[in-house]
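Participant:
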Amino acid sequence: MNPQYDHTKFEKEIYKKWEDSGAFSPHISNSNLKSPFCIIMPPPNANDPLHIGHARFVAIEDALIRYHRMKGEPTLFLPGSDHAGIETQYVFEKKLAKEDKSRFDYDRGTLYKIIWNYVQDNTGVMKSQLKTLGASCDWSRFKFTLDPEIIKVVYSTFKKLYDDGLVYSGERIVNFCTKCGTAYSQLEVDAVERDDNIYYLDYGIITIATTRPETIFADVAVAVNPKDTRYSKLVGLNAKIPLINREVPVISSNLVDKDFGTGALKITPAHDAVDFEIGQTNKLPLISVIDEKGRMTSSPEKYIDMKAEDAREEVAKDLQEAGLIKKIEKIHHTIGVCYRDKSVLEPRVSKQWFIKVEPLAKKTLEAIKNKEVKFAAKKYEKIATWWLNNLKDWNISRQIVWGIRIPAYRCDKCLEWNITDGEAPKECFKCHSPSLSQDPDTFDTWFSSGQWPFATLKASPFKEDFEKFYPTSVMETGYDILPFWVIRMLMLGIYITGKVPFENILLHGLVRDKDGIKISKSKGNVINPIEMVDKYGADALRMGLIWGGLVENDISLSEEKINGQRKFSNKIWNIARFVLTQNSQYKVLSTKYIAKNEDDKKILEELKETTKKVTKALDKYRLNEAAEEIYHFIWHKFADKYIENCKLRTKNSDASAISTLYKVLDTSLRLLHPFMPFVTEKIWGLAGNKKLLITADWPAQ
RNA sequence: GGACGACUAGCUCAGUGGUAGAGCGUCUCAUUGACAUUGAGAAGGUCGUUGGUUCAAUCCCAACGUCGUCCACCA
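Yeah, the first sequence ends on 705 if you go by my numbering, and it's all consecutive.
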């Protein structure tokens, strides 16, 4: 053994040994009566290389997996990748733009195909990176969200929802990104604060305040609060839209804040969510003046085809000249922007598919209340509950190509929707016309990933997987996708299978830089996990991501911290170097040797104590505690104290001392393995063990 | 405006109803026998503020302050 542990020499070879040994597959047999342990890996985007956040979840999940595997439970860590509709198409379009092309240069089929190929090329990178990190997942069960057998599951879920009346299509106001060319759900809207002009416009008998003068052509009413005595006489009369002089009624609505602006609100149902609601309750017509590309339509000739934002200035100018602006003020407010490209979202009315969330949310809330699903950290249960109580109907349609196309076919003759579980219908079920057109939209990515736990297990090449592993044991993922993913998996999982998709929810925090600052490309503080592995070893990175901070909290990660753990891996290496150079005949004895020497008894007692603490901490998902406990024992109790004190005795070939050394090393390696799998496995092998450590038994407490 | 957190040693973070811990950093000492990617030791905190509960609070409760994250239809 070299005096230094060189991770670069061993990690690849060790991973291959594990893989070849079949240890990654769950061992299901009639003789194994232990209940299975299963984690479905949050599927990374098929398109992207891994970032440090992925490394954190691998460190956490793989530690749990390895621990349970060593306990002898049939253990499954199921990997996969996500097609990440919007994300991927966005990245791909940027790539196209560099080549002076756009997605409109291709027909649907071609575009899908070239994105598919592009993604395939990148998926291999992601897989090999997971291996580099030491993820002990079962590659034979790997699933991609666009695998045909997954799509089949997604289709049948959609059909069931439709048949049960939980899916509807309709003209609704949605957050539409004119740059991305698609609508989004409630969750994909970011808010930014901005200063804008607010114009007080002369509507004849009343004055209204608006930040969006370009939409006046779409006005269908002016609303005031029913309690607002200033205007009560005007309700029922007609106001007049400036410039075009079209008359619209003055109505009343509780949604109007009488203290804002003039207390009178122009109602533009086609371009504002509140207005849409007021329009619906008052049965007002819809007039749209901005199209899906963000350009003006159905307005006075001179504005047509202008971008809405340009039209705003132009209309304001014209109003000013006509003397129809009473005053202009500045207003500080928040507006919705696209989470993806940060461009201002245009509320637009368009046909979308929605899921009725309320009945699904209700059952999920019950499951949480009944502890069918448990949150490792209470705070996230509160947040999940808040969301489940506040979710609106979920828009699951996206106007993009990259995704699972919605299996909805509209009859060209009677306009009835035909929903199938994938197959194109031969004729309309209602009027039997053979002429049908499929909806061009695709599903929101979260709709398919929301089915991930049962979809992956049902689509598994191993028929018994669903029955055996569902509900899965733990859902471990970042808290940032709690509303997007976790609660949707709960809702859809419960709906389809009647059971929660996982029994425990463990959410982890973000990885921040050494000063606790959020990592971003623009700040230049990104930490590349693979670079860290090359430099310090996968063990050091994994330990650095767990050690010194609670799983559920954000952690600060510095190279110093990772390097500190590399020193630790070297420490164990040298402990092993010392122990393994002792007379190996005592290794055999170590299993049954009963120590009489005080030092030996003490370290064995401490080892027992440590085993107990590590096990308990792992069971409670307190990974940092477990890691710190074993770290402290190995370094400061075993090495600093015990080994230093027993050198004289080992020189004299003291059987008790040497047996104890072998025994403590053996157990320490087992306890540390979930956190630092490579170095422990390597030493384990050097110690002459025939069986691999990955499948060795967890120490008895 | 609402929700959820955080506030503990210079830094990054654990922790507990009975007057506090780790890693890094700092300082002192040790150098050929497992490891200098080391060992021995030291300094360093009125545990955000103010009240309350208690025999006892950093830990429980209330208010406040600061910071963070998420949500929100003020046009």
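Heads up, the beta-carbon is just placed ideally off N, CA and C, and yes, glycines get one too.
Bear in mind that the values here come from a model prediction, so they are computed numbers and not experimental data.
Could you give the distance in angstroms between the alpha-carbon of Asp604 and the alpha-carbon of Ser588?
Facilitator: Along the first sequence, read from residue 1 onward, the residue named residue 604 stands at position 600. Along the first sequence, read from residue 1 onward, the residue named residue 588 stands at position 584. Distance between the alpha carbons of Asp604 and Ser588 is about 18 Å.
Participant: From what residue to what residue does the beta strand (DSSP E) around Ser441 run?
Facilitator: Taking the first residue of the first sequence as position 1, residue 441 is located at position 437. Taken as a continuous stretch (DSSP letters only), the beta strand (DSSP E) holding Ser441 covers 440 to 442.
Participant: Just mark Gly84 as buried or exposed, buried being the case when its beta carbon has 16 or more other beta carbons within 10 Å.
Facilitator: Here residue 84 refers to the residue found at position 80 of the first sequence. Burial call: buried.
Participant: Report the rounded CA-to-CA distance for Pro217 versus Tyr235, giving the unit in angstroms.
Facilitator: Here residue 217 is taken as the residue at index 213 of the first sequence, counted from 1. Here residue 235 is taken as the residue at index 231 of the first sequence, counted from 1. Their Cα atoms are separated by approximately 22 Å.
Participant: Does the Cβ-Cβ distance between Phe96 and Ile119 come in under 7 Å?
Facilitator: Walking along the first sequence from the start, residue 96 turns up at place 92. Walking along the first sequence from the start, residue 119 turns up at place 115. Cβ atoms of Phe96 and Ile119: closer than 7 Å.
Participant: Just grab the DSSP bridge partners of Leu68 for me.
Facilitator: For the purposes of this step, residue 68 is taken as residue 64 along the first sequence, with counting starting at 1. Its beta-bridge partners do not exist; DSSP assigns none.
Participant: With DSSP as the reference, label Gln356 as helix, strand or coil.
Facilitator: Mapped onto the first sequence, residue 356 falls at position 352. If DSSP states are grouped into helix, strand and coil, Gln356 belongs with the strands.
Participant: Using a 10 Å radius around the Cβ and a threshold of 16 neighbouring Cβ atoms, would you call Phe264 buried or exposed?
Facilitator: As a working mapping, residue 264 is identified with position 260 in the first sequence. A residue is called buried when at least 16 other Cβ atoms come within 10 angstroms of its Cβ; Phe264 does not meet this threshold and is exposed.
Participant: Using 10 angstroms around the beta-carbon of Ile498, count the other beta-carbons present and answer buried if the total reaches 16, otherwise exposed.
Facilitator: As a first step, residue 498 is located in the first sequence; it is residue number 494 there, counting from the start. That one is buried.
Participant: State whether the stretch 31 to 43 contacts the stretch 513 to 532, with contact taken as three or more CB pairs (one from each stretch) at a distance under 8 Å.
Facilitator: no
Participant: Tell me, please, which residues DSSP counts as bridged to Asn179.
Facilitator: Numbered from its first residue, the first sequence carries residue 179 at position 175. In DSSP, Asn179 forms a bridge with Tyr188, Pro351.
Participant: Which residues share a DSSP beta bridge with Lys334?
Facilitator: For this step, residue 334 is matched to residue 330 along the first sequence. BP columns for Lys334 point to Asn201.
Participant: Could you please give me the residues that DSSP links to Ile255 through a beta bridge?
Facilitator: One-based indexing of the first sequence puts residue 255 at position 251. Ile255 pairs with Ala227.
Participant: Can you find the residues in the same chain that come closer than 6 Å, C-beta to C-beta, to Gln569, ignoring five residues on each side of it along the sequence?
Facilitator: The count along the first sequence starts at 1 and reaches residue 569 at position 565. Taken in chain order, the residues that qualify are Ala544, Met547, Gly548.
Participant: Do Leu205 and Pro246 have their CB atoms nearer than 7 Å?
Facilitator: In the first sequence, the residue the question calls residue 205 occupies position 201. In the first sequence, the residue the question calls residue 246 occupies position 242. Closer than 7 Å, so yes.
Participant: Just mark Ser144 as buried or exposed, buried being the case when its beta carbon has 16 or more other beta carbons within 10 Å.
Facilitator: Here residue 144 refers to the residue found at position 140 when the first sequence is read from its first residue. Ser144 is exposed by the Cβ-count criterion.
Participant: Could you tell me the alpha carbon to alpha carbon distance between Leu259 and Ile202, rounded to whole angstroms?
Facilitator: Here the question's residue 259 lines up with position 255 in the first sequence. Here the question's residue 202 lines up with position 198 in the first sequence. Cα to Cα, the separation comes out at about 19 Å.
Participant: Taking only runs that begin and end inside the stretch 420 to 466, name each unbroken beta strand (DSSP E) of 3 or more residues, in chain order.
Facilitator: 421 to 423, 440 to 442
Participant: Considering only residues of the same chain and omitting the five flanking positions on each side of Leu2, which have a CB-CB separation below 6 Å?
Facilitator: Nothing can be reported for residue 2: it is not among the residues displayed for the chain, which extend from 5 to 705.
Participant: Alpha carbon to alpha carbon, how far is Phe637 from Glu610? Give it in angstroms, no decimals.
Facilitator: Here residue 610 corresponds to residue number 606 of the first sequence, with the count starting at 1. Here residue 637 corresponds to residue number 633 of the first sequence, with the count starting at 1. Near 8 Å, if we compare the C-alpha coordinates of Phe637 and Glu610.
Participant: In terms of residues, what are the limits of the beta strand (DSSP E) holding Asn508?
Facilitator: As a working mapping, residue 508 is identified with position 504 in the first sequence. Element bounds for Asn508: 506 to 512.
Participant: Between Lys686 and Trp702, what straight-line distance do the alpha-carbon atoms span, to the nearest angstrom?
Facilitator: Walking along the first sequence from the start, residue 686 turns up at place 682. Walking along the first sequence from the start, residue 702 turns up at place 698. Cα to Cα, Lys686 sits roughly 17 Å from Trp702.
Participant: Exposed or buried, which one is Tyr598 when buried takes at least 16 other CB atoms within 10 Å?
Facilitator: Locating residue 598 in the first sequence gives position 594, where the first residue counts as 1. Rather than Tyr, the amino acid found at residue 598 in this sequence is Ile. By the neighbour-count rule (16 or more Cβ atoms within 10 Å), Ile598 is not buried but exposed.
Participant: Anyone know if the C-beta pair for Asp200 and Thr215 falls short of 7 Å?
Facilitator: To locate residue 200, count along the first sequence from 1; it is residue 196. To locate residue 215, count along the first sequence from 1; it is residue 211. Yes.
Participant: Can you tell which of Thr449, Phe447, Asp448, Lys472 has its C-alpha closest to the C-alpha of Phe458?
Facilitator: Reading the first sequence from its first residue, position 454 is the one you call residue 458. For Phe458, the nearest C-alpha among the options comes from Lys472.
Participant: Should Thr338 go down as buried or exposed, given a rule of 16 or more other Cβ atoms within 10 Å for buried?
Facilitator: For the purposes of this step, residue 338 is taken as the residue at position 334 of the first sequence. Result: exposed.
Participant: Provide the residue span of the alpha helix (DSSP H) that contains Arg674, from first to last.
Facilitator: On the first sequence, residue 674 is found 670 positions in, with the first residue counted as 1. Where Arg674 is concerned, the enclosing alpha helix (DSSP H) stretches over 659 to 676.
Participant: Could you give the residue range of the beta strand (DSSP E) that holds Ile212?
Facilitator: Translated into positions along the first sequence, residue 212 becomes position 208. Run containing Ile212: 211 to 214, per the beta strand (DSSP E) assignment.
Participant: Within its chain, find whatever has a CB closer than 6 Å to the CB of Lys617; leave out the 5 residues flanking it on each side and keep chain order.
Facilitator: As a first step, residue 617 must be located in the first sequence, where it is residue number 613. So the qualifying residues of the chain are Glu633.
Participant: Going by DSSP, name the residue or residues bridged to Thr476.
Facilitator: Stepping through the first sequence from its first residue, residue 476 is reached at position 472. For Thr476, which the question treats as bridged, DSSP gives the partners Phe506.
Participant: Whose C-beta lies closer than 8 Å to the C-beta of Tyr343 among residues of the same chain, with five residues either side of it excluded?
Facilitator: For this step, residue 343 is matched to residue 339 along the first sequence. Only Tyr188, Glu192, Val193, Asp194 meet the Cβ criterion.
Participant: Can you give the Cα-Cα distance for Ala691 and Ser160, rounded to whole angstroms?
Facilitator: Taking the first residue of the first sequence as 1, we reach residue 691 at position 687. Taking the first residue of the first sequence as 1, we reach residue 160 at position 156. Taking the straight line joining both Cα atoms gives about 53 Å.
Participant: Count the other CB atoms, across all protein chains shown, that sit within 10 Å of the CB of Asp10; report buried if there are 16 or more and exposed otherwise.
Facilitator: Taking the first residue of the first sequence as position 1, residue 10 is located at position 6. That one is exposed.
Participant: Excluding sequence positions up to five away, which residues of its chain have a Cβ less than 6 Å from the Cβ of Ser256?
Facilitator: For the purposes of this step, residue 256 is taken as the residue at position 252 of the first sequence. Excluding residues within five positions, the ones whose Cβ falls inside 6 Å are Val228, Pro230, Val239.
Participant: Going by Cα to Cα distance, which pick from Ala139, Gln93, Phe108, Ile64 is closest to Glu23?
Facilitator: Position 19 of the first sequence, counted from the first residue, corresponds to residue 23. Ranking Ala139, Gln93, Phe108, Ile64 by Cα distance to Glu23 puts Ala139 first.
Participant: How many Å lie between Val278 and Arg176 at the Cα?
Facilitator: Within the first sequence, numbered from 1, the residue matching residue 278 stands at position 274. Within the first sequence, numbered from 1, the residue matching residue 176 stands at position 172. So the two alpha carbons sit approximately 12 Å from each other.
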